[in-house]
Amino acid sequence: MRAPLTSQVGLVVVIVYAFVALAAPVLAPFGETEIVGDQWEPWGSEFLLGTDNIGRDMLTRLIYGARNTVGMAFVITCLAFITGGFTGMLAATLGGWIDQILSRIVDILMAIPGLVFVLLVLSFFGTAIPVLIIVISIFESTRVFRLTRAVAMNVEVMDYVEVSKLRGENMWWIVWCEILPNT
């Protein structure tokens with residue numbers, strides 16, 4: 000079975016971005032912070048995209064910028080899935096007041112517009128890259144939480160999960176061996 004054309008195109012774009020990010024020192028014509036020309040030089044044969052306000056090559060800046068962007072996006076995605084998946088599974092498995100508290104926190108975070116939330120938190124904690132990664136991953140984990148919780152709650156009522164509870168298996172075994180593989 001072949002993947003849809005849009006998925007194939009998306010995969011090619013991701014592979015190209017990853018290649019550019021990993022091969023930035025080889026692909027870039029100049030060093031990342033190297034001043035190579037005058038201010039605001041137009042594009043031409045020497046500087047394909049011109050230079051910026053202090054004389055750095057714009058193509059080089061874009062290539063090295065891809066490295067930061069792809070790296071941050073990868074880390075944010077991983078953290079969002081780990082955080083949202085863990086808390087969603089926890090809420091679905093434990094239920095009760097823990098589920099209610101986690102669900103209300105997620106509801107509050109989802110009710111706030113994303114850009115406003117991120118800018119508000121960054122104004123308090125600063126704009127360092129680790130802070131930015133943590134804030135965006137927490138915000139994006141809300142969608143993963145909802146999806147994981149919904150699927151895990153459907154799996155939790157299955158007979159094999161009830162049987163493992165009756166056998167006396169602990170909660171972590173039920174999550175890792177019964178619910179997680181079937182979600």
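Take 0 as the starting number for the sequence shown in numbering that gives the first Met the number 0 and just add one per residue. Ideal placement from N, C-alpha and C gives every residue a C-beta, glycine not left out.
Per-residue DSSP class, three states only, for residue i
i: residue 148; result: helix
i: residue 51; result: coil
i: residue 34; result: strand
i: residue 3; result: coil
i: residue 184; result: Past the boundaries of the shown model lies residue 184; the chain is included only from 0 to 182, so the question cannot be answered.
i: residue 138; result: helix
i: residue 18; result: helix
i: residue 96; result: helix
i: residue 40; result: coil
Outcome for residue i when other beta-carbon atoms lying within 10 angstroms are tallied against a minimum of 16
i: residue 229; result: Because the chain here runs from 0 to 182, residue 229 falls outside it and cannot be looked at.
i: residue 83; result: buried
i: residue 88; result: buried
i: residue 46; result: buried
i: residue 68; result: exposed
i: residue 2; result: exposed
i: residue 156; result: exposed
i: residue 148; result: buried
i: residue 32; result: exposed
Which listed residue (the options) has its alpha carbon closest to that of residue i
i: residue 65; options: 94, 125, 15 and 112; result: 15
i: residue 34; options: 51, 20, 25 and 44; result: 51
i: residue 41; options: 163, 126, 55 and 137; result: 55
i: residue 75; options: 123, 63, 20 and 131; result: 131
i: residue 73; options: 146, 93, 157 and 135; result: 135
i: residue 79; options: 63, 137 and 17; result: 137
i: residue 141; options: 165, 107 and 70; result: 107
Alpha helix (DSSP H) segment containing residue i, residue limits
i: residue 44; result: Per DSSP, residue 44 belongs to no alpha helix (DSSP H) and is neither H nor E.
i: residue 59; result: 57–93
i: residue 173; result: 170–173
i: residue 162; result: 158–165
i: residue 124; result: 113–124
i: residue 26; result: 23–26
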